[in-house]
Amino acid sequence: AAAGVNVVVGTTGWTKDLERVREVVSASDTGLIWSPNFSVGVNVFFRIASEAARLLAAEPEYGAWAWEIHHDTKKDAPSGTLLKLVDEMRSAGYDRPIDVSSNRAGRHPGTHEIGFDSQADTIVLRHSARNREGFARGALKAAHWIRGKRGTFEFSDVLFGGKG
């Protein structure tokens with residue numbers, strides 16, 4: 327941003343500095359779009375997870391979990407994507423414990439799952455990446471969208487409307 331170039335950011339672990347980044351982007355009169363995951367499918371999954379959590383927030387018999395598996399060279403566990411899923415569930419009003427777990431094995435590009443379990447039934451929602459193509463397509467979609475725009479945006483703004 328400081329170089330006057332619009333930026334697409336798909337890394338995680340930096341959002342504690344988001345306000346400072348917003349200031350730099352604003353002062354530079356550039357645009358930035360960020361997401362923990364640029365897969366269109368994952369971003370739809372965020373919305374579905376949020377809605378499921380909202381619907382079950384007032385049903386105390388349902389416990390929740392969030393789980394993922396990724397390749398064995400992925401460094402962060404849980405991933406930014408899994409943390410975003412949990413954040414979406416919390417933001418939707420699900421305030422009971424959510425058991426979070428991660429596995430790293432083989433070459434798996436990524437599966438994320440959330441579930442709600444009660445004595446009567448279990449609800450499981452899952453997104454599985456087949457390869458990295460979906461991440462790349464979403465990042466390219468974001469790069470085209472941010473051209474000529476100013477300000478800080480999330481990928482959900484591209485997909486579902488928003489500030490842009």
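Numbering-wise (the numbering used here), the sequence shown opens with residue 327 and increments by one. Glycine is no exception: its CB is placed at the ideal position from the N, C-alpha and C atoms.
Could you check which residue in 417, 426, 478 has the C-alpha nearest to that of residue 377?
-> When each option's Cα is compared against that of residue 377, the closest is 417.
For residue 370: DSSP bridge partner residues | DSSP, once it has assigned bridges, lists no residue as partnering residue 370.
Would DSSP call residue 448 helix, strand or coil?
-> strand
Backbone secondary structure at residue 456 - three-state DSSP = In the structure shown, residue 456 sits in coil (DSSP, three-state: anything other than H, G, I, E or B).
Do residue 439 and residue 451 have their C-beta atoms within less than 8 Å of each other?
-> yes
Which whole-angstrom value describes the C-beta separation of residue 406 and residue 339, a residue pair presumed to lie in contact below a C-beta threshold of 8 Å?
-> Beta-carbon to beta-carbon, residue 406 and residue 339 are separated by about 7 Å, close enough to satisfy the 8 Å threshold.
Measure the CB-CB distance between residue 397 and residue 430 and report whether it falls below 8 Å.
-> yes
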